[in-house]
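Residue numbers (the numbering used here): 1 to 237.
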């Protein structure tokens with residue numbers, strides 16, 4: 001049996017871990033009989049090393065991460081290397097800028113009371129941000145894809161952990177481009193401290209903010225897709 005080890009970064013905010021477990025339950029519903037386990041790189045338990053040690057057979061570590069940055073490239077591989085069954089483990093790709101996730105983000109905007117036909121709306125995609133410029137460049141591709149098939153006035157991207165452009169500057173850019181109102185589309189998987197900080201900005205600035213991607217079935221479907229790709233690649237090796 002090959003286990004799917006859904007691996008999140010972890011957070012001091014319990015809502016983040018709860019979302020990870022909710023995604024795992026969605027994955028299990030979509031694939032009955034699959035051994036789905038949850039692990040965290042830090043802050044929460046169980047740790048990735050502990051979960052891998054308890055896996056009875058092969059395992060595919062499937063990151064519950066959007067960006068192909070530090071945690072996917074350094075943190076998770078290091079923990080796999082440190083576990084005692086590293087030779088039976090492979091790592092799947094991150095979720096990335098998958099079309100299904102962009103569809104969820106668009107749905108979240110509409111669920112927050114905005115229409116895809118609103119030609120006065122500016123949409124600000126806010127992601128956490130990375131020290132990896134290539135990862136940020138890929139994330140910046142989300143905004144124009146999110147706007148595809150809508151009549152929105154303008155879209156742009158900002159990173160919550162970067163000073164430039166600031167959230168305020170990004171909102172002003174949308175207004176300068178013809179938007180009469182603005183909503184933030186968070187490119188986050190779960191609630192947490194950084195999303196809360198963005199929400200406080202939104203409240204103070206008088207702009208709307210949609211919900212994170214959360215445990216939507218399309219998130220779970222994307223997780224399974226990454227798992228399947230890695231499992232097939234390992235079997236062919």
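C-beta atoms are modelled at their ideal positions from N, C-alpha and C, and glycine is treated no differently. Fair warning: this is a prediction, and the values are worked out from it, not measured in the lab.
Run the CB neighbour count on residue 84, radius 10 Å, all protein chains shown included, and call it buried at 16 or more, exposed below. exposed
Which of the three DSSP states, helix, strand or coil, is assigned to residue 3? strand
Residue 177: which of 154, 169, 141 sits nearest, CA to CA? 154
Contact test: residue 14 Cβ vs the ligand NAP heavy atom, cutoff 7 Å: This structure lacks the ligand NAP, and indeed carries no ligand of any kind.
Taking the alpha-carbon positions, what's the residue 195 to residue 219 distance? 18 Å
In the DSSP assignment, what are the bridge partners of residue 124? 156, 184
On the premise that residue 223 lies in contact with residue 65, defined as a C-beta separation below 8 Å, what is that separation, rounded to the nearest angstrom? Not quite, the Cβ-Cβ distance comes to about 11 Å (not below 8 Å), so this is no contact.
DSSP three-state assignment for residue 207, whether helix, strand or coil: coil
Look up residue 58 in the DSSP assignment and give the residues it is bridged to. 2
Give the secondary structure of residue 94 by DSSP, where H, G and I count as helix, E and B as strand, and everything else as coil. coil
Closest to residue 257 by C-alpha separation, out of 136, 208, 63, would be which residue? The structure shown does not extend to residue 257, since the chain spans only 1 to 237, so no value can be given for it.
Which residues mark the beginning and the end of the alpha helix (DSSP H) in which residue 22 is found? 14 to 30
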